[in-house]
Amino acid sequence: MEPPTTISTTTTAKITAEEHDLQKRQPPSPPPPPPVKSILQWWRRWTVLVAVIWIQAFTGTNFDFSAYSSDMKSSMGVSQSRLNYMAVASDLGKALGWSSGFAIAYFPVSAVLFAAAAMGLVGYVVAGLSICWFNTVCFILCFRHFESNHSLALSLVLSFNGISAALYTLGHEVISGKSSASSDIYLLLNSLIPLIVSVLALWPVLTNPNSSESDTNRTQDETRIFIVFNVLALITCFYLLLPSTNTYLASSPRWHFLGAIFLLLFPLCVPFLDYIHRALESCFRRRSSGYAVVNVEEPKILKSNEEEECDDDDDRVVRLGDEHSLQMLVRSLEFWLYYFAYFCGGTIGLVYSNNLGQIAQSLGQNSSKAKSLVTLFSAFSFLGRLLSSAPDFTRKKLDYLTRTGWFTISLLPTPLAFFILAYSSKTYQTALLQVATALIGLSSGFVFAAAVSITSDLFGRSSVGVNQNILITNVPIGSLFYGYMAGSVYDTHASHSTKSVVSDSVVCVGSSCYFATFLFWACLSVLGFVCSLLLSIRTRTVYHRLEQNRI
199 MEPPTTISTT
209 TTAKITAEEH
219 DLQKRQPPSP
229 PPPPPVKSIL
239 QWWRRWTVLV
249 AVIWIQAFTG
259 TNFDFSAYSS
269 DMKSSMGVSQ
279 SRLNYMAVAS
289 DLGKALGWSS
299 GFAIAYFPVS
309 AVLFAAAAMG
319 LVGYVVAGLS
329 ICWFNTVCFI
339 LCFRHFESNH
349 SLALSLVLSF
359 NGISAALYTL
369 GHEVISGKSS
379 ASSDIYLLLN
389 SLIPLIVSVL
399 ALWPVLTNPN
409 SSESDTNRTQ
419 DETRIFIVFN
429 VLALITCFYL
439 LLPSTNTYLA
449 SSPRWHFLGA
459 IFLLLFPLCV
469 PFLDYIHRAL
479 ESCFRRRSSG
489 YAVVNVEEPK
499 ILKSNEEEEC
509 DDDDDRVVRL
519 GDEHSLQMLV
529 RSLEFWLYYF
539 AYFCGGTIGL
549 VYSNNLGQIA
559 QSLGQNSSKA
569 KSLVTLFSAF
579 SFLGRLLSSA
589 PDFTRKKLDY
599 LTRTGWFTIS
609 LLPTPLAFFI
619 LAYSSKTYQT
629 ALLQVATALI
639 GLSSGFVFAA
649 AVSITSDLFG
659 RSSVGVNQNI
669 LITNVPIGSL
679 FYGYMAGSVY
689 DTHASHSTKS
699 VVSDSVVCVG
709 SSCYFATFLF
719 WACLSVLGFV
729 CSLLLSIRTR
739 TVYHRLEQNR
749 I
């Protein structure tokens, strides 16, 4: 009886081996959904991202200046040059924005948040500083809670800063009607809303980044959820463009505003929807989407890189990609190329938005159409900021195109738009004004959002709060320089024009009011493109090294 027993044992062993090989070939079954307590902790972590979105959406108070600047100029009876000084005062606080980096190092995030809100109540100069403090709070929260996907988080939340003007315009229309452009209502909203939003965001902001799941579980399905958030952001962007259409919502500011608020609240539901999706996936034993492979390996890779950096820290000189102190930063040629590319790119776009009310007025647009242009600029700025996440989604397919390369491409629409404005014919003047405004908003929005990730990549993640605010010191300088030049040209041509009936302010009418300004800005933006191109060439090796560290 021994031979049959031997055959049976051998056959059983073969069957077991075949079953084992078959199981290895099959894709892994989807992980079971986490318990309720775990999903609540995970959801609270995502509420931090939603709170940062709210902060960004309602604290870009410098972007709605052009919506009420014409009314302010008329009521105060000032010249265009003096009006531009008001815009400069709003941006002047950014010259001290680096102080927020030191504040965040010594005080809790919540204290810095409410200090920023308090500054917004005081006045124009300090309000500009408050925006820097709000931004620093948002940067730090993204880095702490989404360390492995901080670039995706930053590009997403910074995109919502671009819709501030559209939201405040909608809020103003709800209170005083579509035909009004009262500067008093705008200023009141600009001072109170950031404080209210800070109070609402306090509970998520106090979330401890270490109170959630382990690192492996923390990064699970993040990419999928970020894609959903970006889709929702796109929907929000196009929804805000409705004022330029003849829809019912466009004619009803109250319902339009409530719809925008709903779109800002809906992201709170996304983590729960993902939880339901995973529960159903586990129930029906569907195939895994493949994120598990990336998420299991990535923390180990990042950890090994950090260990290598620690081992070599004493043996190498500081290079691009390492942490840069203030002294190292100002000695870097790449920083100054980056500085002037921003100065001649994004900053010009910001000054253009500040003058948009007077530009529209000089071309014969009424206050309602001027506000529509502000909304158009805001929506496309939002879209440009959202597109700044493209390097993260296309990194493997377009590995030859670095983040600074994307930055260079984003500067191309700006000189094109200014040449269109300078040489537009009267027949298509209104349409070309809208096209140029959309292009400048798209370009400057990308620059504003991508700059934070570039600063982190080139000069170190830990010091990004200080280094980024050093970079944006170019904003008040550019606001003063470009604004003074535009105001002087405007007033020179206005002296040969007619006086406003309702006040002593002088209004310039005609394409000549900004012709020289548009040409000057176009030439400077070409210079910014050249600086950015040189920066992209000089930093290719840095991004190649960063990509190698991910492999």
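With our numbering applied, the sequence shown corresponds to residues 199 to 749, in that order.
Note that the Cβ used here is the ideal one computed from N, Cα and C, for glycine as well.
Bear in mind the structure is a predicted one, so any value in this text is a computation, not a measurement.
- In this structure, residue 468 sits away from residue 680, with a CB-CB distance that is not shorter than 8 Å.
- Pairwise C-beta distances place the region 707-720 out of contact with the region 572-588, as fewer than three of them are shorter than 8 Å.
- Within a 10 Å sphere around the beta-carbon of residue 355 sit 16 or more other beta-carbons, which makes this residue buried.
- Buried is the label assigned to residue 559, since at least 16 other Cβ atoms lie within 10 Å of its Cβ.
- With a threshold of 16 other beta carbon atoms within 10 Å, residue 375 falls short and is exposed.
- A check of alpha carbon separations from residue 240 across 344, 605, 384 identifies 344 as the nearest.
- In the structure shown, residue 345 falls within a coil segment according to DSSP collapsed to helix, strand and coil.
- Going by DSSP, residue 537 is part of the alpha helix (DSSP H) stretching over 531-541.
- Residue 721 sits in a helix when the DSSP states are folded into three classes.
- The alpha-carbon separation between residue 710 and residue 306 amounts to approximately 52 Å.
- For residue 357, the CB contacts under 7 Å within the same chain, skipping 5 residues up- and downstream, are 431, 580, 583, 584, 647 in chain order.
- Residue 329 is a Cβ neighbour of residue 257, given a cutoff of 8 Å.
- In chain order, 730, 731, 734 place their CB closer than 6 Å to the CB of residue 606, counting only its own chain and leaving out the 5 sequence neighbours on each side.
- By the beta-carbon neighbour count (other beta carbons within 10 angstroms, threshold 16), residue 452 is exposed.
- Assigned with DSSP and collapsed to three states, residue 743 falls in helix.
- For residue 435, the enclosing alpha helix (DSSP H) has its first and last residue at 420-438.
- For residue 372, the enclosing alpha helix (DSSP H) stretches over residues 362-374.
- In this structure, DSSP gives residue 258 a state outside helix and strand, which the three-state scheme calls coil.
- In summary, residue 425 is exposed, with fewer than 16 beta-carbon neighbours lying within 10 Å of its beta-carbon over all protein chains present.
- In the assembly as shown, residue 564 is an exposed residue. Its beta-carbon has fewer than 16 other beta-carbons within 10 Å.
- DSSP, read as helix, strand or coil, puts residue 563 in coil.
- Shown here, residue 275 sits in coil according to DSSP, grouped into three states, outside any helix or strand.
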